[in-house]
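Structure record follows, encoded as structure tokens.
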Amino acid sequence: MHGQAVVVGVGESTYYKHGGSPDTEFQLACTAVQNAAKDAGLEMNQLDGLISYMDTRNSPLRMADALGFGEIKWSATPWAGGGNNSSATMHLADAAVSGGHADYVVAFRALAQGQFQRLGSGAGLMSGMAPEGLSWGLPYGLMTPAQECALQTNRWMHDHGVGQEALASISLACYANAQLNPRAVRHGRPLTREDYHESRWIVEPFHLFDCCMENDGAAAVIVTTPERAKDLPGKAVPIIATAQGKGPDIGINAFQERWFPNMYYGNVGKMIWERAGVKPADVDVLQLYENFTGPVLMALCEMGYCEPEEVEAFVADGALEGPDARLPFNTSGGNIAEAYIHGLEMVVEAVRQVRGESTCQTKDVELSLAVGGPGYAPGSAVLFGPAL
Amino acid sequence: MSRYLGDNFILPNLTPNNTPFFTEGTVQIQFCKDCNHAQHPPDDICYGCQGWNLEFRACEGTGTVESCALVHHPIHPALKDKIPYVIAIISVDGAPGCNVQGNVVHCEATSVKIGQKVKAVFEEAVDPATEQKLLIPQWEPIASE
Chain Y
0 MHGQAVVVGV GESTYYKHGG SPDTEFQLAC TAVQNAAKDA GLEMNQLDGL ISYMDTRNSP
60 LRMADALGFG EIKWSATPWA GGGNNSSATM HLADAAVSGG HADYVVAFRA LAQGQFQRLG
120 SGAGLMSGMA PEGLSWGLPY GLMTPAQECA LQTNRWMHDH GVGQEALASI SLACYANAQL
180 NPRAVRHGRP LTREDYHESR WIVEPFHLFD CCMENDGAAA VIVTTPERAK DLPGKAVPII
240 ATAQGKGPDI GINAFQERWF PNMYYGNVGK MIWERAGVKP ADVDVLQLYE NFTGPVLMAL
300 CEMGYCEPEE VEAFVADGAL EGPDARLPFN TSGGNIAEAY IHGLEMVVEA VRQVRGESTC
360 QTKDVELSLA VGGPGYAPGS AVLFGPAL
Chain E
0 MSRYLGDNFI LPNLTPNNTP FFTEGTVQIQ FCKDCNHAQH PPDDICYGCQ GWNLEFRACE
60 GTGTVESCAL VHHPIHPALK DKIPYVIAII SVDGAPGCNV QGNVVHCEAT SVKIGQKVKA
120 VFEEAVDPAT EQKLLIPQWE PIASE
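Quick note, the sequences are listed as chains Y and E, same order. Each residue of the first sequence is one higher than the one before, counting from 0 in numbering that gives the first Met the number 0. Each residue of the second sequence is one higher than the one before, counting from 0 in numbering that gives the first Met the number 0.
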């Protein structure tokens with residue numbers, strides 16, 4: 000086990016329905032970072048490192064100047080994709096502080112989809128001509144992550160005899176857990192199995208409730224060394240292991256035969272279990288990024304939780320619902336029912352579980368895992384250990 | 000033939016790497032002249048032997064539906080009267096490992112199945128900027144009776 004870096008602060012803005020934020024995206028980002036610093040007991044001028052992902056709008060240098068950071072010693076972003084890198088933020092933060100490159104590194108992600116466009120709207124794809132990288136799909140109306148993931152999921156369900164109820168179980172667990180969480184955008188909006196099946200199709204096999212929400216909000220996580228954490232008032236949550244990447248025989252061009260269907264979590268699972276010296280059954284609580292329910296099931300199997308042929312039973316009968324579930328899962332409601340802050344809110348929830356502060360608190364949590372978005376390379380995961 | 004999703008729907012912006020696929024009227028896949036590796040999408044280097052000696056070859060124009068999905072939510076305004084439509088991943092005969100994206104046309108969208116054999120047909124379009132003629136590969140079922 001590693002444990003040379005610890006989370007000392009988490010912060011969030013209020014989470015809103017998309018387009019519902021009265022604040023700009025940059026204001027939301029600043030709020031989350033300020034809240035994380037307050038939570039840690041740090042002054043702004045102690046922060047000296049910044050990490051985000053798929054963010055071209057909230058520059059780290061603008062953030063550092065605006066909030067009064069000290070000298071900046073680390074700025075980094077993982078390559079490629081989007082929510083697949085939510086846990087890679089912890090990989091980079093761990094590298095920064097355990098390598099001695101920076102003292103207090105903050106990872107953040109902010110989205111204001113009223114101010115800017117929704118990711119799933121296909122916005123930017125509406126012009127008459129598709130650039131080369133998108134030209135293979137757009138002229139055929141293959142335009143969104145939901146459609147790409149549906150093609151992956153359909154083939155996987157076909158090959159392994161997985162039924163629609165398995166997908167439903169993921170969505171129902173997120174909604175059930177969100178009912179315990181007043182921060183959740185879908186708090187007070189319970190979902191029944193009938194509601195799920197009656198909801199409109201987006202792209203088969205995904206109903207509306209198989210898809211994550213899109214939201215306005217921001218989240219932030221501050222990482223430092225265990226030695227520095229001793230001088231801070233709160234509980235420090237050790238990073239036991241991190242992983243990001245893809246296998247050598249797993250390509251970035253989706254749909255090609257040797258890696259289709261695939262969610263990029265086989266090698267991430269192997270790395271995280273080897274580095275931590277534990278196995279899936281040792282993990283007390285799991286946050287697994289839902290872009291869509293099908294990829295969640297596929298990633299669960301690729302990470303070694305069960306075989307695809309067993310997955311329907313593995314997630315059935317409320318196996319994922321509530322603090323005392325067979326596998327406590329997406330305990331804040333996740334991207335489907337808490338808020339879609341591109342998965343960083345799920346890293347925050349994984350930390351909260353170790354601190355004992357979740358609204359759906361699992362008992363005696365020692366190992367808490369947050370897994371990034373499936374279906375796009377590189378995959379990422381972070382395992383947190385017992386609080387110091 | 001006219002286009003599955005409407006004659007005014009999004010066209011590929013032609014580049015050296017995608018022009019053969021979208022203009023030749025055959026299913027053009029990139030092969031390495033040195034090691035015979037087939038790859039899609041095309042790129043500037045062979046992923047098999049790292050050589051630069053690449054060429055496009057016409058495949059026989061048949062394939063298999065590796066996956067398909069019925070789209071109900073129209074992301075683009077032009078798709079509102081096209082739903083539900085079917086998107087598919089097709090493995091190309093003669094190009095080992097290469098899967099292309101497309102639609103399965105000339106049949107009910109709901110009838111398309113994984114494992115189904117298909118053959119290429121081509122949609123005609125004109126690039127509005129260059130007036131170059133495009134022939135966009137699509138796929139139709141091969142009658143199995």
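All residues carry an ideal CB built from backbone N, CA and C; glycine is no exception. Bear in mind the structure is a predicted one, so any value in this text is a computation, not a measurement.
For residue i and residue j, what's the separation of their Cα atoms in angstroms?
{"i": "Glu-107(E)", "j": "Leu-285(Y)", "result": "42 Å"}
{"i": "Ala-336(Y)", "j": "Leu-179(Y)", "result": "11 Å"}
{"i": "Pro-41(E)", "j": "His-90(Y)", "result": "32 Å"}
{"i": "Cys-31(E)", "j": "Pro-15(E)", "result": "16 Å"}
{"i": "Leu-69(E)", "j": "Val-202(Y)", "result": "6 Å"}
{"i": "Tyr-264(Y)", "j": "Ala-149(Y)", "result": "17 Å"}
{"i": "Gln-462(Y)", "j": "Thr-223(Y)", "result": "Since the first and last residues shown for chain Y are 0 and 387, residue 462(Y) lies out of range."}
{"i": "Gly-93(E)", "j": "Leu-133(E)", "result": "23 Å"}
{"i": "Ala-357(Y)", "j": "Ala-386(Y)", "result": "Ala is not the amino acid found at residue 357(Y); the sequence shown has Ser there. Taking the straight line joining both Cα atoms gives about 14 Å."}
{"i": "Asp-38(Y)", "j": "Glu-11(Y)", "result": "10 Å"}
{"i": "Phe-392(Y)", "j": "Ser-168(Y)", "result": "The structure shown does not extend to residue 392(Y), since chain Y is modelled only from 0 through 387, so no value can be given for it."}
{"i": "Cys-29(Y)", "j": "Met-62(Y)", "result": "7 Å"}
{"i": "Asn-83(Y)", "j": "Glu-344(Y)", "result": "13 Å"}
{"i": "Ser-395(Y)", "j": "Ala-315(Y)", "result": "Absent from the structure is residue 395(Y), since the part of chain Y shown begins at 0 and ends at 387."}
{"i": "Glu-122(E)", "j": "Trp-138(E)", "result": "10 Å"}
{"i": "Val-7(Y)", "j": "Leu-27(Y)", "result": "20 Å"}
{"i": "Ala-417(Y)", "j": "Tyr-103(Y)", "result": "Look at the range of chain Y in this structure, 0 to 387, and you will see that residue 417(Y) is not part of it."}
{"i": "Gly-40(Y)", "j": "Thr-88(Y)", "result": "21 Å"}
Taking DSSP's pairing of strands, which residues face residue i in a bridge?
{"i": "Met-270(Y)", "result": "Paired residue(s): none; Met-270(Y) is not in a bridge."}
{"i": "Tyr-84(E)", "result": "Val-70(E)"}
{"i": "Thr-241(Y)", "result": "Val-381(Y)"}
{"i": "Val-104(Y)", "result": "Gly-48(Y), Val-222(Y)"}
{"i": "Ile-28(E)", "result": "Arg-56(E)"}
{"i": "Ser-74(Y)", "result": "Leu-49(Y)"}
{"i": "Ile-168(E)", "result": "The shown model of chain E, from 0 to 144, leaves out residue 168(E), and the question about it has no answer."}
{"i": "Pro-373(Y)", "result": "In DSSP, Pro-373(Y) forms no bridge with anything."}
{"i": "Lys-37(Y)", "result": "Answer is none; Lys-37(Y) lacks a bridge partner."}
When you compare each of the options to residue i by their alpha carbons, which one comes out closest?
{"i": "Arg-188(Y)", "options": "Ala-39(Y), Glu-213(Y), Ala-177(Y)", "result": "Ala-177(Y)"}
{"i": "Glu-311(Y)", "options": "Gln-114(Y), Gly-162(Y), Val-104(Y), Gly-293(Y)", "result": "Gly-162(Y)"}
{"i": "Asp-283(Y)", "options": "Phe-205(Y), Leu-387(Y), Leu-368(Y)", "result": "Leu-368(Y)"}
{"i": "Gly-246(Y)", "options": "Phe-68(Y), Val-350(Y), Met-302(Y), Phe-205(Y)", "result": "Met-302(Y)"}
{"i": "Thr-361(Y)", "options": "Ala-101(Y), Ala-324(Y), Ser-379(Y)", "result": "Ala-324(Y)"}
{"i": "Pro-73(E)", "options": "Val-353(Y), Tyr-375(Y), Ala-235(Y), Trp-200(Y)", "result": "Trp-200(Y)"}
{"i": "Gly-233(Y)", "options": "Met-297(Y), Leu-166(Y), Val-350(Y), Phe-68(Y)", "result": "Val-350(Y)"}
{"i": "Gly-67(Y)", "options": "Ala-318(Y), Leu-343(Y), Met-43(Y), Thr-191(Y)", "result": "Met-43(Y)"}
{"i": "Ala-119(E)", "options": "Gly-96(E), Ile-113(E), His-36(E), Cys-58(E)", "result": "Cys-58(E)"}
{"i": "Val-104(E)", "options": "Thr-25(E), Val-117(E), Gln-49(E)", "result": "Val-117(E)"}
{"i": "Cys-34(E)", "options": "Thr-109(E), Cys-48(E), Asn-17(E)", "result": "Cys-48(E)"}
{"i": "Ala-142(E)", "options": "Ser-110(E), Glu-23(E), Pro-127(E)", "result": "Ser-110(E)"}
{"i": "His-100(Y)", "options": "Thr-23(Y), Leu-133(Y), Glu-70(Y)", "result": "Glu-70(Y)"}
{"i": "Gly-18(Y)", "options": "Asp-93(Y), Ser-74(Y), Asn-57(Y), Leu-110(Y)", "result": "Leu-110(Y)"}
{"i": "Gly-371(Y)", "options": "Arg-56(Y), Ala-183(Y), Gly-81(Y)", "result": "Gly-81(Y)"}
Can you tell me whether residue i is buried or exposed? The criterion is at least 16 other CB atoms within 10 Å of its CB, across all chains shown.
{"i": "Glu-144(E)", "result": "Per-residue confidence for Glu-144(E) stands at a pLDDT of 48, beneath the threshold of 50, marking its modelled position as unreliable; the derived number appears in the next sentence. With fewer than 16 Cβ atoms within 10 Å of its Cβ, Glu-144(E) is classed as exposed."}
{"i": "Pro-294(Y)", "result": "buried"}
{"i": "Asp-47(Y)", "result": "buried"}
{"i": "Pro-181(Y)", "result": "exposed"}
{"i": "Trp-272(Y)", "result": "buried"}
For residue i, does the three-state DSSP call read helix, strand or coil?
{"i": "Asn-214(Y)", "result": "strand"}
{"i": "Ser-12(Y)", "result": "coil"}
{"i": "Ser-86(Y)", "result": "coil"}
{"i": "Leu-387(Y)", "result": "coil"}
{"i": "Leu-150(Y)", "result": "helix"}
{"i": "Cys-29(Y)", "result": "helix"}
{"i": "Arg-354(Y)", "result": "helix"}
{"i": "Ile-251(Y)", "result": "coil"}
{"i": "Asn-176(Y)", "result": "helix"}
{"i": "Ala-396(Y)", "result": "Residue 396(Y) lies beyond the stretch modelled for chain Y, which goes from 0 to 387, so this question has no answer here."}
{"i": "Gly-132(Y)", "result": "helix"}
{"i": "Gly-93(E)", "result": "coil"}
{"i": "Gly-332(Y)", "result": "coil"}
{"i": "His-206(Y)", "result": "strand"}
{"i": "Asn-98(E)", "result": "strand"}
{"i": "Phe-291(Y)", "result": "strand"}
{"i": "Glu-144(E)", "result": "At Glu-144(E) the pLDDT is 48, less than 50, meaning the model places this residue with poor confidence; the figure from the coordinates comes in the next sentence. Coil, per DSSP."}
{"i": "Ser-367(Y)", "result": "strand"}
{"i": "Trp-51(E)", "result": "coil"}
{"i": "Val-161(Y)", "result": "coil"}
{"i": "Pro-181(Y)", "result": "coil"}
{"i": "Leu-110(Y)", "result": "strand"}
Just checking: is the beta-carbon of residue i within a distance shorter than 8 Å of some beta-carbon in chain B?
{"i": "Ala-68(E)", "result": "The chain inventory of the structure shown lacks chain B, comprising the protein chains Y and E."}
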